[in-house]
Structures are given as C-alpha cells and as structure tokens.
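Take a look at the structure below.
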C-alpha cells in the first residue's frame, strides 16, 4: 500500500481503519533521544503509545565513534561518513507517545503497484543506516 | 530479523497521519491486534523509563565508556582488576547473570565486542593491529591473557552446565547476551598466551619487584590450572590424576588471597553501562558485589568440592554411591556450586555410562544383589549365554532384562534428582514415588513369573510355631526392592521437608509421627527380606557354596542390618520428637497461629498430597493422624517420659551406628561426611534429651495445670540448630522469669 497517497484520517472510523491496516506491520519508531525501534506493531491508544513486538533497538553511533571513524576515512573529507547503527534485541516494548518523533511503516516494494519501487535506495535498512555529519 | 538488505523494502513516513488517527481515539480506547492480549504487554519494557529501559540515557550522558582501555596500567592496578574479576566470577557461579558480573568489565567487553576473528584480535586495544606496533605494555599483555583464560573458562563451564540438568535462573544463568565467549578459539592457543604472560612477568620481576611479579604469577597460574581441571574432567578416569589441577588451584588460591593487599582497585573499569549494548530484555541491574572474604570462602569451597567430587569415580558398591556419596555430598551446607553438581552428573551419567566405566546394568545388578538377591541365580550373568528358548535360564535372563528395562530409568532418576538443588530434590522425589509405585506393581508381576521358573518354595512369614491355616508366601524379591526404594523416597521427602522448613511449628509433631510410621514400614520390610535371604542362604549352603557367594550373603546381611538400624534410629527419634511436640503443644508452648480460612483436616489433605496417590503404605486417615498426634489418652508427664525413653533408644542405636566401619556402613569414599551426619544426629538427640528434662522439671515445679509463660519457659522452633542434623528440628528452650 502506498501510504503517501492516503488522506490524513479525520473521522473516527477512518482513523480506526487506518490504524488497523498498520497492525502487525513492521514499524520504525524514532524517539527523542535519537534511537530507533524496529518491531511489529501490536497496539496503540489515544496518547499514541505504541506496543511493538520482537523489537530491535538501533542507536546511531556516538559522537566519539563518529569522530574516530571520520579520522580514518578519506570520505570524511567530503563531510560524509558511512557507519553502521548498533543494534540489539529487546523483545516486547512500549514506546510512550510523548517520546515518539517519527513513525515509519515498512512495505515490500514488490507489493506496491506503482513506481515506488524505483525510489532511490537511500532508505535505512534494519541493520545499516547512513549517517551524515557536516 | 527480516530482509537484511535494502532491496525490496520501502518505508513510508506516517508520523502525522498516525498521530492524527490516534488522536481520534477515546481515552482508554485501544486499537490492537486480536491475538495480542494486554496481559502480555505487562511484561513489555517501557522505553525511556530509566528503571526499565537499559538504553535510556540521562540528558547529556553518552553511551560511550569514558574509560580509556589504552591507558597504562601499574602492576598494582592489574592485580586490583583481576581480584575484582574474581569476585564477579564467583557471583556468576553462584547464579547471577553475566550482565551483572563479568560483562560489566570494560576490558572484557572490548575484547569480545566486536567479535574477534583471530586470537590477536581478542584484545581490548585493537588499534595496535593496524599500525604494526604491537602493544608492548607488559601489564596490558598480562591482563589480556588473564581475561582470555577467564573467558574461556566461562565458556567451558557454561557449556557443561547447559549439557546437564539444572534450573535456568534458579540455579544458574547461562545467557551470554549474544556475546561469544571465545567459543571458537582453541584452549591450547589460550594456554600459550597465558604461559607467555607468565614468562613475561618473570622477565620483568626486577623492574616491578618480586612481590608483585609473584602475585601476578599466582593469578595467571590459577587460570592455567582451572582450564586444565576443566579439560581433564571429561576423562572420568582416575581421580588422582584429575585432582592435580584442583589441588594446585587450592594451594595457589591461598597465595592469591594473601597477596590481595597489593592490588589497587580500579572501579572505573567496571560499569553497568555495558548492559545497554547487551541483547537483553532485562531492565538495567546493578553490579553484584561479593566481598573479598566471601569470594575467598566460596572459591576455597569450590576447589575442595572439586577435589572431593572426583572420589565418586572410585566405585565400591551401589549403596555407597547413592545414598552415601551422592546424598552426603549434596547435603553439605552450603551446597556445592552448580558447576560441581554438573560435574557430578556428568561423572554419573554421561553417555549412559556410569562413572565412565560401568554399565547401568552393572550398578543395578549390584544393588539388587546387595538388597534382595545375594548370590542368586536370577542375577547370574551365565543366564545370558543360554540361547535355547525353552531352557529355564533363557526365560530368567529374558524376564530379568524386562525388569531392568522397567526399573533402570526410575533408579537412575533418584541419582539425577539428588544432583539438583535441595528444593528441587524434594519436588522431584514427590513425582518419583508415583513412578516407583508402578515399578513395584510391575516388579511383582515379574516376581510371580520368576518364582515359577526357579521353582521357589513359599514360606510362612512371619514365622510362627503353629503354621496351620497360614498361607505361605513367596519372597517377591524385585517388588520388595522397589518397595524399599519407595519407602526410602517417602522418608526423604518428609525429612527434606524439615530441612527446607516447609512445616509450621505446630505441624512438626505430626510429620514426625508420619516419618516414624514410614520408618517402621521400612523396618518391617527389611525384616521380611532378611528372613527370605537367610532361608535361601541356608538352603544354598546345603549345596556347595562358593566363597564369592558367601561374601555376597555377608555383604547383603551387613546392608540389611545397617538399614534396619537406621530405620530404628529414625523411628525412635521421630517418636521422641512427636511426644515432645505433643507435650509442648498441650502446654501452650508451641501455639498454632490463627487460621480462620481452613480446617485442620483440609490442611492435612494438602500437606499429605504427594502421598495421597500411594497405595502402599496407605496414607493414614485424618482421624488416625489426629489421634496419633494429640495423644489425648496420655498425660503430659507420660509423654515426656516416653520421649526420654525413645531418645535413649536412639542414642544406643547411634552409638552402634557410629562404630560401623566404612564398608559396613556403605559409605566408602564418603565415610567422613557420613560419620559427620551420624554425629549431627547424636547432637540432636543429646539436646532433645536436655529439652525434655527441662520441660519435665518445670512441669513438676509449677504444676500440671500451668500453661505457656506461667511455666517459666520460652520455646523457639525454627530449623535444625547448626551442628545438629538438619532433618531433626529440636526446639530451643529457654527458662524465663515468671512475671
């Protein structure tokens, strides 16, 4: 499903439908401290608290790690360095709505009928993410 | 995790829509997956809650360790770090998870993460590898090789424990949080590293002083010996050679403890922050800190147990092995660590070969011969050689094999059960008795087939002058054997209940009564077995009896004597305590707490539940139990007098027991521990005697009608007093001023 094409739900039945379609899909949930949680969406409520199952935590490299990597990498001269995010398994988590900065839903490109699959592959994967520093 | 590459997955940002949609929900309304229950979500980790989310950082806090592993270390600091690691290592052996113990160390963390592919990479300073300038700080090399040895030890121990029966999180936590504990490195390579470090320390001893060099050397030696001990333990061969590294560790441990003052602690090298990078659903937990003294004590015990457990390999007879070696070893206080218990299990059962050299049949036949069938043709190995199916010996071999197949597992399960922690032993035995109940029934069928094959003549038992009208009975050896085990298991269940403080003070008398009943049943059974064995011995003597057969009969006689003596001591002591508690209850010195929501009868049913399903001996009814425990027909003075007499009998029995030799008491290889148990019982009997005398005297002084405090006595009932046998809970009595 192309979520970009969906209208923002306004009425309650629409909203519930929208949330229902997301159930059991893999979400990437960003939090205020810069982490990302990747897990299967199980439950939400009016405060946007999210329950995710089989969750992995992804953490961007710390500043020290970035500097270290930058020092060794020629690319860094151009102000860009590619690093892995560190990840670990957490299992079942609740992400309180007040800490959520971003919610993304994953779809298989093969199941999208439009030309979205041609999108540039700058999407983060589950284990790698490009981090730009300036 | 799902598809690991970019291809084929597209992510849409739905933040706005999601928030808008969630905003339309009522307070408390949920959108959830139908298969997901809120009950499950109770166990969810709440992100950003510092108490639950180990990844949550305080504002401005960095995930990185501030600690610089590359900084130079003094020898004192290395000793300090190693000694701290020893404390954590012991905490892990005791059952705390690695995340709260060894994996809180920054050096170990850096060595293991990212996972090293070569041994050179297994270093906390990895930059060195890139530039060709190997780290030449000798103290780094020492600490690294120590850690290599330590981690490899942990890997082995974790692996061995997982292989045997244990209770995860109850006994031990095997979780390594996705860290590989040098799984793929050869122990020889690691040994070489440690040896190199030992040489290095030796070569710089002038620079760092002899004292410090020695202290470091001892610590490295401990690791070499530990790895050696673990490697050797799979051999299960002769205990003398296996015990060498353990003895070495025991000696070097003293030296390590005595040089602990040289160390300088480096608390910064340990941090719970590392937990944030471990694959764990656990909230952050503090580092477990054992004191140096405790660590010293536990390691010392570990090494002593490590040496002692090897003695199990010296098999002498089946009874020494089970009831004495395994039971006394396991009843030590504190109980041996789970690793030692794992060793015991692997010695006993690994690959279904008992102690690395005996078949299960060997041990089982040995036991049958000892208990019920000395020098019997039922156990004659020659039976197996007969191939003609119509030959009676062929039938014997066949039936006996059926029996062995039926009984072997139940028999081995007793050993296995006794290798667990104390609570689990009792719990497992409660299940085992059901199993033995059916073993006994099946055995009786086989007995009946066998008695025809060997043309056994039934005898009148119990023997009387006037045999008229009394049906003679058969010896039923196999079912007698099974019944004996069942009775012993039942006694152990009751006795472990005392040890584990399961019974309330006002229940103790009743449980001792039941124990006494069980012990009497055992004595009666043993008497019957002895009768038939004696008879068979006499009739076989008429034919020519070889010396081996004589010896088998003698051994069996010794065993039956020892077990009936033990049964007699048990019931006398139990009777004494029953009478004493009945008297104390009546005098208001042991008072039952108010229990408004149940009746005595219902509680009896629940308490006796494990025994309820047993047909023989049948569980006494509530009325019988009540009559037997409150002993209403006897006056209090009489109860105390009965208790005194029983204690005298028990005392006499124990004196005889204490004079038995190692072989007569069936405690070969564990005689000291066994004798310790007898002495513990003696001490319990002695003190019980004193208690009875005190109560008697007060009763005479103050008069029969006085109750509780008026008697000038205070009674405390808890668990067995230290030094006394833990199966005998003798009350503490204190004389007080009457107000």
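Chains as they are written, first to last, in the UniProt record's numbering: chain A, 1 to 134; chain B, 1 to 739. Glycine included, each C-beta is placed from N, C-alpha and C at the ideal position.
Tell me the DSSP secondary structure of residue i in three-state form.
{"i": "residue 31 of chain A", "result": "strand"}
{"i": "residue 180 of chain B", "result": "coil"}
{"i": "residue 43 of chain A", "result": "strand"}
{"i": "residue 11 of chain B", "result": "strand"}
{"i": "residue 661 of chain B", "result": "coil"}
{"i": "residue 158 of chain B", "result": "helix"}
{"i": "residue 316 of chain B", "result": "coil"}
{"i": "residue 728 of chain B", "result": "coil"}
{"i": "residue 100 of chain A", "result": "strand"}
{"i": "residue 299 of chain B", "result": "helix"}
{"i": "residue 354 of chain B", "result": "strand"}
{"i": "residue 51 of chain B", "result": "coil"}
{"i": "residue 682 of chain B", "result": "helix"}
{"i": "residue 86 of chain B", "result": "helix"}
{"i": "residue 421 of chain B", "result": "coil"}
{"i": "residue 112 of chain A", "result": "coil"}
{"i": "residue 195 of chain B", "result": "helix"}
{"i": "residue 36 of chain B", "result": "coil"}
{"i": "residue 437 of chain B", "result": "helix"}
{"i": "residue 690 of chain B", "result": "helix"}
List the whole-angstrom C-beta distance separating residue i from residue j, where the pair is believed to meet the contact cut-off of C-beta under 8 Å.
{"i": "residue 194 of chain B", "j": "residue 145 of chain B", "result": "5 Å"}
{"i": "residue 699 of chain B", "j": "residue 736 of chain B", "result": "Actually they are not in contact, since the Cβ atoms of residue 699 of chain B and residue 736 of chain B sit about 15 Å apart, beyond 8 Å."}
{"i": "residue 589 of chain B", "j": "residue 708 of chain B", "result": "6 Å"}
{"i": "residue 506 of chain B", "j": "residue 592 of chain B", "result": "4 Å"}
{"i": "residue 27 of chain A", "j": "residue 103 of chain A", "result": "6 Å"}
{"i": "residue 181 of chain B", "j": "residue 155 of chain B", "result": "4 Å"}
{"i": "residue 32 of chain B", "j": "residue 42 of chain A", "result": "6 Å"}
{"i": "residue 6 of chain A", "j": "residue 44 of chain B", "result": "Between residue 44 of chain B and residue 6 of chain A the Cβ distance is about 28 Å, and since that is not below 8 Å, they are no contact."}
{"i": "residue 177 of chain B", "j": "residue 279 of chain B", "result": "5 Å"}
{"i": "residue 416 of chain B", "j": "residue 325 of chain B", "result": "Not confirmed; about 14 Å, so no contact."}
Is the shortest distance between the beta-carbon of residue i and the beta-carbons of chain A less than 8 Å?
{"i": "residue 9 of chain B", "result": "yes"}
{"i": "residue 24 of chain B", "result": "yes"}
{"i": "residue 288 of chain B", "result": "no"}
{"i": "residue 725 of chain B", "result": "no"}
{"i": "residue 21 of chain B", "result": "yes"}
{"i": "residue 12 of chain B", "result": "yes"}
{"i": "residue 40 of chain B", "result": "yes"}
{"i": "residue 748 of chain B", "result": "What is shown of chain B runs 1 to 739, which leaves residue 748 of chain B out entirely."}
{"i": "residue 33 of chain B", "result": "yes"}
{"i": "residue 47 of chain B", "result": "yes"}
{"i": "residue 29 of chain B", "result": "yes"}
{"i": "residue 43 of chain B", "result": "yes"}
{"i": "residue 342 of chain B", "result": "no"}
{"i": "residue 124 of chain B", "result": "no"}
{"i": "residue 57 of chain B", "result": "yes"}
{"i": "residue 18 of chain B", "result": "yes"}
{"i": "residue 62 of chain B", "result": "yes"}
How about residue i: is its C-beta nearer than 8 Å to some C-beta of chain B?
{"i": "residue 21 of chain A", "result": "no"}
{"i": "residue 33 of chain A", "result": "yes"}
{"i": "residue 66 of chain A", "result": "no"}
{"i": "residue 84 of chain A", "result": "no"}
{"i": "residue 58 of chain A", "result": "no"}
{"i": "residue 15 of chain A", "result": "yes"}
{"i": "residue 109 of chain A", "result": "yes"}
{"i": "residue 6 of chain A", "result": "yes"}
{"i": "residue 39 of chain A", "result": "no"}
Since residue i is in the beta strand (DSSP E), which residue starts that stretch and which ends it?
{"i": "residue 56 of chain A", "result": "50-59"}
{"i": "residue 91 of chain A", "result": "86-95"}
{"i": "residue 30 of chain B", "result": "30-32"}
{"i": "residue 713 of chain B", "result": "713-716"}
First and last residue of the alpha helix (DSSP H) that includes residue i?
{"i": "residue 491 of chain B", "result": "477-499"}
{"i": "residue 348 of chain B", "result": "338-349"}
{"i": "residue 110 of chain B", "result": "106-112"}
{"i": "residue 606 of chain B", "result": "600-607"}
Handout entry: Positions along the region 522-548 of chain B whose CB lies within less than 8 Å of some CB in chain A
Key = For the region 522-548 of chain B, which is checked against every Cβ of chain A, not one residue is closer than 8 Å.
Quick one, which residues of the region 254-280 of chain B are near chain A if we go by CB-CB under 9 Å, in chain order?
Those residues of the region 254-280 of chain B that come within reach of chain A (Cβ to Cβ, closer than 9 Å) are 276, 277, 278, 279 and 280.
- prompt: Mind listing which residues of the region 106-119 of chain B have their C-beta closer than 7 Å to chain A's C-betas, in chain order?
  reply: Within the region 106-119 of chain B, contact with chain A at the beta-carbon level (separation under 7 Å) is assigned to no residue.
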